[in-house]
Amino acid sequence: MKLRWSMMTAAVAGLALCLLVGSEGRNLFGNQPPRFPGLKPEGDSGFILSGAFDPDLKIGVGLRRTYQNEKSGIVSNPRDPAYPPGKRIRIVFKEELSIGVEEGDDNYMFGGNVEVTADEKGCIFVLDWNQKRIQKYDPSGKYLFSIGRKGQGPGEFGNLWAMRIDAKGRIYVTDIANKRVSFFDKETGRFQEAIKPGVETGAVILLSNGNYFSSTNVREDKPTGSVFTVPYGIFDRNFKMVTEFRRDQLNFQGLPEPADRARFLAGIMSRSAFKPNIVTAVTGEEKIIVGFPDRYEFDVYDNSGKQLIKVRKEGESLPVTDRHMDYYFETQVLDFLTSMPSRPKDDDVRKAMVYPKFLPAYQRVIPMDNGFYFVVTDTLPKASTVDLFDSKGVYAGRFVTEAPASTFIFKGGKAYGVDLIGDYRCVTRYTYTVETY
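Just so we're aligned, residue 8 is where the sequence shown starts under the numbering used here, counting upward by one.
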């Protein structure tokens, strides 16, 4: 049995320059964000210089600068890292554990859409959308038990995603098909309760103040197709909007199926190829991240909806290459075609695909344990490009890793992701070290 893997500006200038020297001796990944010569201490605002750094802070020509506007909360970064050479940060990952087989024990086999998380003990939970279940493994990778199955009854799933662990030690998931959020005891897998928002939602994340971070989906049918309005924000216990962060609108125009079925199916998949989609995440401290990668910026809010910072980086247009096209076709288009009752030849669909010229500004913003922002800008087989921002939103470094960075979550000082080995998926745990360059 084989299961196919599928995925899914310039700095502000003209203000007075103010420089203070910080401490170099801090642990880069300790409780406080790193401070290097030329970076202003916490709570201040001003330019942060990098480039040809002088110990006496003598300003030279061609220095890159980041501007932090304390009043507006905007942090504008240059195209290159704002940290000076020799102080820039990259992360090196080392595989520690892999769970998954291509054939054999079904408890170690995963479908095409998989999420992973871990608890404070290091136990690993794997959400399998295709097989409609959650599997638990101990820290050594030994299978313990499964939660749920396909269905509509209590503890069963129609369409599950967005797996989280709440403050009570319960694991919960959003079930869009059954329009509910289901809660389970993570120690036993026993179903405990379900809440029903009463509206069609996206992923639902519980906040400690009793509210939820989520999105709703309002559909309007028109003669030319359907329009979906999707507001993202904080909702109260009755699922009424308290604070709206962003509103998206998706237009789906009907495609009359032509005699050329390959061209028809290619048209469907071409619509979503490398298109910017709203990116969201919630940190362990309940900071809410919302961004739309048609440009390089994202916002960070607290759990009451107050904006903390807006992070910007000078953009660069990266082209969609032949490697990107092949990767998208092999990991997403082929998976889509397997669900078609009348499947055309793969090569005919491949030839009919249409791709945009450029990639989105980024793909994901992933919060790290120490408050840093791990921004995945590009994903290819064994080559993910990552921009790293510190807890203040300052661009700290860029690096390329062979690890599956776009699938990562960070828990307990380790990274967990979903990797591709041959033609099957596995869940992988990584240790990591921090280097300067």
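Ideal placement from N, C-alpha and C gives every residue a C-beta, glycine not left out.
Sorting Ala390, Arg405, Val133, Ile141 by C-alpha distance to the C-alpha of Pro411 places Ala390 at the top. For Arg254, the closest C-alpha among the options Asp243, Phe281, Ser221, Pro230 is that of Ser221. Counting along the chain, the unbroken alpha helix (DSSP H) around Leu272 starts and ends at 268-277. Excluding sequence positions up to five before and after Pro388, its CB lies within less than 7 Å of the CB of Tyr334, all in the same chain and listed in chain order. Restricting attention to beta strand (DSSP E) runs no shorter than 3 residues, the stretch 225-253 encloses them at 225-229, 232-242, ordered along the chain. Every beta strand (DSSP E) of 3 residues or more that sits fully in the stretch 307-359 is shown, in chain order, as 314-320. Judged by their CB atoms, Ile81 and Arg319 are nearer to each other than the 8 Å cut-off. Taking Lys282 as reference, the option from Gly209, Asp192, Asp385 with the minimal CA-CA separation is Asp385. Ranked by Cα distance from Ala368, the options Thr181, Val356, Asp353, Phe299 are led by Phe299. By alpha-carbon distance to Lys175, the top candidate from Asp192, Leu104, Asp182 is Asp192. Leaving aside the five residues that flank Glu194 on each side, the residues in its chain whose CB is nearer than 8 Å to its CB run, in chain order, Gly176. Judged by DSSP secondary structure, Gln199 falls within the beta strand (DSSP E) whose first and last residues are 198-202. Fully enclosed beta strand (DSSP E) runs of no fewer than 3 residues occupy 121-125, 131-135, 140-144, 150-154 of the stretch 119-164, in order along the chain. Residue pairing from DSSP places Val372 in a beta bridge opposite Val382. Around the C-beta of Asn258, fewer than 16 other C-beta atoms lie within 10 Å, and the residue is accordingly described as exposed.
If only complete runs of 3 or more residues are kept, the stretch 381-444 shows the beta strand (DSSP E) at 390-396, 402-408, 416-418, 421-428, 431-443, in order along the chain. Using a 10 angstroms sphere on the CB of Gln142, the tally of other CB atoms reaches 16 or more, which defines it as buried. Excluding sequence positions up to five before and after Pro363, its CB lies within less than 8 Å of the CB of Ala280, Phe281, Lys282, Val327, all in the same chain and listed in chain order. The Cβ atoms of Phe406 and Val393 sit closer than 8 Å to each other. Nearest C-alpha to Tyr423 among Leu214, Gly148, Tyr219, Asp342: Gly148. A residue is called buried when at least 16 other Cβ atoms come within 10 angstroms of its Cβ; Leu315 does not meet this threshold and is exposed. With respect to the 8 Å criterion, Thr443 and Gly93 are classified as neighbours on the basis of their beta carbons. According to the DSSP secondary-structure assignment, Phe259 is paired through a beta bridge with Ser233. Taken through DSSP and simplified to helix, strand or coil, Asp113 comes out as helix. Within the model, the alpha-carbon separation for Lys139 versus Glu207 is close to 19 Å. Residue burial annotation: Gln370 is buried, with at least 16 other C-beta atoms found within 10 angstroms of its C-beta. Across the set Ile154, Glu251, Ala210, Gly429, the C-alpha of Ile154 shows the shortest separation from the C-alpha of Phe164.
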